[in-house]
Each structure stands twice: as structure tokens, then as C-alpha cells.
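Protein chains in written order, with the numbering used here: chain A, 8 to 176; chain B, 6 to 166.
Glycine included, every Cβ here is placed at the ideal spot set by N, Cα and C.
Report on the following structure.
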């Protein structure tokens, strides 16, 4: 009986380790298959391919910072953007994510959340609202806010040039 | 005329009835040694017993073989029903967990969740650049706002007396 209980406990412990979902997939996965949402995902495998290829214009320091990112996921909608902006914000706040930035600009706003900084399972999630357009972008990996800022500055990209229409397979 | 060495039948009968004393039993053993029980029906039996004991004591090899056979005798492992039930329940649990994990990992929703959106690194890199630019722009904006607030405080300090 004791062996049975130990085995059951080990299986219960092992299950969470097997899943390894990022925050957006874990808490908002139900929206991914909905028609009014656009979903973009870049896996660790694709990130490695980017670093190996000539597609990137990163310097060696930025490449090292980029290696810490293990994945990127984006979820966007053009319908009832404000409603989802508030829902996403409240949900992440209640799930233990630290709100590191919140800003209102015009008829929109920005919320930035951080979890497990400097740990292998770190996450940085940015929620952007512009009118009815709401987009939530998440990076997961060994996230350090200073490194992320330095990496983004090194790209010399000005303006919010996010891609609302994702080219899917 | 009775043979003086003949053991009386009463003694034999007492032996069978388990009523003999130690002295009487030793008399019987001595009579076995002399192999003379007077033609009784029990003579054959006692003789066989005597011969058996003699053979047993003198045959050391057979005694050793018997000991070895006893040692190598396969031991019967008894498993209780409760143990069997626990083993069966554990197996069912493990099989069920594996089946559930297989289902969850191969479901359609999961396949969409972890499938790369872009086919080539160039497209994926453009998406990442855009996302990182949003981070940069908003971090810069917040820094600018914070700097402005700090400057305002320095320009109009409030002194409480």
C-alpha cells in the first residue's frame, strides 16, 4: 500500500513538469482557436534557427542575450479590444505576475507583467491596447528586464511595428 | 520349550500400544541386534526397521544428498490477495496516466498551440523584432515620463517649515 501511494505521488509530481506551458498558453489557450483572435508562436527551435541563419542583424552581445529567450507567443484581436485588455490584465494580476509598467496613452494603454525574473522559467508579457485592437505578447525563458531592454534597443527599430496579420502555415 | 532369547509377544504388543518403558524398549532394540523375534508376524517389520537404521547410519553419502536436496528445494512464495490487488491497482494507475498524457499531448488543440507559425527564420525574426520594439518603445516612454516628473519636483521644491 505504501509503494502504491509513493508511486501515485511521484506521478502527480511528474505531470506538471511534463507540460511546461508559457503564461499565455496556460491562461488564455482557449482563445487561440477562436476565429476573432490571431495567434503567433515562435518556438525555441525556430529561435535557434534565427540565431544560426543570416536573417538576424544582431551583434554578438545581442545574440548572447537572444539565446536566453526560449519562445515568443502573441495573441491579438480587433474585436472588443478593451474588454479583453481588462480581462487579460486582471487574470495575470491574479496569477502572481508582477505588474512592472502600466501606462495610458490616448484611447489605449500598455501593461507589462513579469514573472520569475532571472530564472529559467521566466516570463515577460506585454498587453497593448489601441482603440479596439488588443495584442498580448509574451516572451519566456531566462528573462532579465535590463537585458530585454538592451536587446530591443540594439535592434534600432522605431515605432510599434507589430505585425497584426500573421502568415500561417 | 520356549527359547530364553525370545521376546514375549506381550512386550511387542505393549510396544504397539505405546505402553513400554525405556528399559523394555532397549530390550527390544537388543533383540533386533540378535535378529531373533521368534517367528512373530512383527519380526519382518522390526528387522526392516533395524536394517533401515543401520543403512541410514552407515550411508553418509545418502545423508549428505538428502541434506543437499532439502536445501535446493524450491521455496514456495506466497503472495497474499491484498498485495496482488495493490500491484494491479498500481499498474492500472500507471497505464491510465500514460494514456491520458498521450491523449493530452496529441490533441488537436495542443498541436495548434505549439506549432510554429512561420515557415522560415526571416519571417519569424521580423515578428520578434516587432515585439521587442514594443518593449523598447514603452520602456522609453515610461522613462521619459518619470524623468519629467523628477524635473518638475526639482524645479518646484516644497519646503515645509
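Residue burial classification, residue i (beta-carbon count within 10 angstroms, cutoff 16)
i: residue 91 of chain A; result: buried
i: residue 41 of chain A; result: exposed
i: residue 143 of chain B; result: buried
i: residue 88 of chain B; result: exposed
i: residue 136 of chain B; result: buried
i: residue 127 of chain A; result: exposed
i: residue 126 of chain B; result: buried
i: residue 77 of chain B; result: exposed
i: residue 64 of chain A; result: exposed
i: residue 148 of chain A; result: buried
i: residue 100 of chain B; result: exposed
i: residue 130 of chain B; result: buried
i: residue 17 of chain B; result: buried
i: residue 92 of chain B; result: exposed
i: residue 35 of chain B; result: exposed
i: residue 45 of chain A; result: buried
i: residue 141 of chain B; result: buried
i: residue 165 of chain B; result: Because the pLDDT at residue 165 of chain B is just 48, under 50, the model does not fix this residue reliably, and the point stays unresolved.
i: residue 25 of chain A; result: The predicted model places residue 25 of chain A with a pLDDT of 47, which falls under 50 and marks its position as unreliable, so this point remains unresolved.
i: residue 108 of chain B; result: exposed
Whole-number beta carbon distance between residue j and residue i, since they are thought to touch under 8 Å
i: residue 102 of chain A; j: residue 142 of chain A; result: No, residue 102 of chain A and residue 142 of chain A are not in contact; Cβ-Cβ is about 19 Å, not under 8 Å.
i: residue 133 of chain A; j: residue 117 of chain A; result: 7 Å
i: residue 123 of chain B; j: residue 132 of chain B; result: 7 Å
i: residue 54 of chain A; j: residue 31 of chain A; result: Their Cβ separation, rounded to whole angstroms, is 16 Å, which puts residue 54 of chain A and residue 31 of chain A out of contact at 8 Å.
i: residue 121 of chain B; j: residue 50 of chain A; result: 5 Å
i: residue 78 of chain A; j: residue 140 of chain A; result: Wrong, their Cβ atoms sit about 23 Å apart, outside the cutoff.
i: residue 25 of chain B; j: residue 19 of chain B; result: 5 Å
i: residue 139 of chain B; j: residue 96 of chain A; result: Contact flag wrong, Cβ pair sits at about 16 Å.
i: residue 151 of chain A; j: residue 124 of chain A; result: 6 Å
i: residue 43 of chain A; j: residue 84 of chain A; result: 6 Å
i: residue 58 of chain A; j: residue 158 of chain A; result: So it is not a contact: roughly 12 Å between Cβ atoms.
8 Å Cβ cut-off: residues of chain B touching residue i
i: residue 158 of chain A; result: 137
i: residue 81 of chain A; result: 132, 136
i: residue 86 of chain A; result: Going along chain B, no residue has its Cβ under 8 Å from residue 86 of chain A, so there is no contact; the nearest lies around 20 Å.
Interface partners of residue i on chain A, CB under 7 Å
i: residue 108 of chain B; result: None at all; the shortest Cβ gap to chain A is about 13 Å.
i: residue 146 of chain B; result: 110
i: residue 155 of chain B; result: What residue 155 of chain B touches in chain A: nothing, since even the nearest Cβ is about 17 Å away.
Amino acids of chain B, ordered along the chain, whose beta-carbon sits closer than 7 Å to that of residue i
i: residue 144 of chain A; result: 136, 139
i: residue 162 of chain A; result: 134, 137, 138
i: residue 60 of chain A; result: 126
i: residue 132 of chain A; result: Near residue 132 of chain A there are no residues of chain B at all, since even the closest Cβ is about 11 Å away, more than 7 Å.
i: residue 57 of chain A; result: 126, 129, 130
Contact set between residue i and chain B, taken where Cβ atoms lie within less than 9 Å
i: residue 135 of chain A; result: 139, 143
Within-8 Å CB hit, residue i to chain E
i: residue 129 of chain B; result: The structure shown contains no chain E; the protein chains it does contain are A and B.
heavy atom of the ligand SAM below 7 Å from residue i C-beta
i: residue 91 of chain B; result: Because no ligand of any kind appears in the structure shown, any question about the ligand SAM cannot be addressed here.
Any beta strand (DSSP E) of 3 or more consecutive residues that is wholly inside the region 67 to 127 of chain A:
The region 67 to 127 of chain A contains, as complete beta strand (DSSP E) runs of 3+ residues, the segments 76 to 84, 105 to 112, 115 to 122 (chain order).
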